[in-house]
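Notes to accompany the following structure.
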Amino acid sequence: MPSLFASYLRVYEPLAAFDRDRQSYWRRYVSEGRAIGPVEGPGRQRTAVIEALGAGWTRLPDLPEEAYVLETDDSLLVCPWNLRIRVAEAALSARDGVPSVLADAFVPPVLAGQARAVVDDWRSGARVLEHGVPRVHEQIATWGVPLRWFVLFDPTERDLVTQPGRRALRYRTEISKARRRSSRALSVLRKSVGEAPITEAVEEAARWLEEFHPRSMVELDYGGLVDLLSDETLAADDSPELVAGGLAGLSRGEAEEASAAYDKLVARWRAVQLLERCN
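Numbering (UniProt numbering), first residue to last: 1 to 279.
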């Protein structure tokens, strides 16, 4: 299971993105006050997945539908948790690095096959779009923030809260803006570095965004990482600016400027990643 020292990239879709039954479900869900906030959500997800994995192991369980909710002046947007997919991922992870005899005892091959089918379906964007396979609205990264996520946001879109018990750092933008930024970044990267790993990573993020409704919102949440960083560090964080500066340097052909921004960014997040070894 993922550590709670994790960051999250989420897409909130308007109700129009869902069929009529789902729209009714999410309206009731909100009106009944069942929505869970992003601070409490990761812990609830973790508990739900762990409990599901201990429930017989004969099939992937059907879990209640939960979501994060974003209410604006004129619309309601929903970020479903897709817990069935999380359980499938956890079942496959439980087999990793374990002798086959133990793996089969803990996660029987029939269950592993079901889990693999679920994971393969949602990883295929074509199947998501053509066959209605549920989209995964939230990506999770432990012990850091993937650099490609910063491409999607502008520094002015930051929301920082440092009050005890409510500490959070989030960026939120319209999906149309995130798509334009990823497209520009891809153009710069292809011209300057070619089909490098960073280019492929940004392209993957851009493809993921194409799965969602054009009036969606995209959110980068530092999640539990804020517990590893001081208020001063959070206030001074300029990761999206460094990414934008690096891309601008590449577009002008100024490799040293781009390299300096990249090195600073990598060093900053490597320091966070190294904390995992101390955990």
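We put the CB at the ideal spot given by N, CA and C, even for glycine. Since the structure is predicted, the reported quantities are computational estimates derived from the model, not experimental observations.
Excluding sequence positions up to five before and after residue 173, its CB lies within less than 6 Å of the CB of 153, 157, 218, all in the same chain and listed in chain order.
Around the Cβ of residue 274, a 10 Å sphere holds fewer than 16 other Cβ atoms; the residue is exposed. One thing to note: residue 4 has its Cβ within 9 Å of the Cβ of residue 43. DSSP, reduced to helix, strand and coil, places residue 221 within a strand of the structure shown. According to DSSP, residue 13 shares a beta bridge with 78.
Between residue 141 and residue 114, the C-beta gap is not smaller than 9 Å, which leaves the two residues out of contact. Under the DSSP assignment, residue 139 falls outside any alpha helix (DSSP H), being part of the beta strand (DSSP E) whose first and last residues are 138-142. Sequence-distant Cβ neighbours of residue 38 in its own chain, meaning closer than 7 Å and more than five residues away, are 68, 221. Annotation: the continuous alpha helix (DSSP H) that includes residue 250 extends over 239-251. Residue burial annotation: residue 170 is buried, with at least 16 other C-beta atoms found within 10 angstroms of its C-beta. The beta carbon of residue 167 sits closer than 7 Å to those of 161, 226, all from its chain and outside the five residues before and after it, given in chain order. Note: residue 232 is not bridge-paired with any residue in the DSSP secondary-structure output.
Taking residue 206 as the centre and dropping the five residues before and after it, the same chain places the C-beta of 179, 182, 183, 186 closer than 8 Å to its C-beta, in chain order. Our two residues, residue 48 and residue 90, have alpha carbons roughly 11 Å apart in a direct line.
Bridge partners of residue 156 according to DSSP: none are assigned. Taken atom to atom, the span from the alpha-carbon of residue 30 to that of residue 15 is near 12 Å. Annotated as distal: residue 17 and residue 223, with beta-carbon spacing of 9 Å or more. Assignment of residue 174 by DSSP, reduced to helix, strand and coil, places it in the strand class.
Distance check between residue 79 and each of 139, 46, 112 places 139 closest, using alpha-carbon atoms only. Residue 83 is positioned such that its CB atom lies no closer than 9 Å to that of residue 77.
By the Cβ-count criterion, residue 50 is exposed, with fewer than 16 other Cβ atoms from all chains shown falling within 10 Å of its own Cβ. For residue 164, the closest alpha carbon among the candidates 73, 46, 230 is that of 230. Annotation: residue 66 is outside any alpha helix (DSSP H) and is labelled neither H nor E by DSSP.
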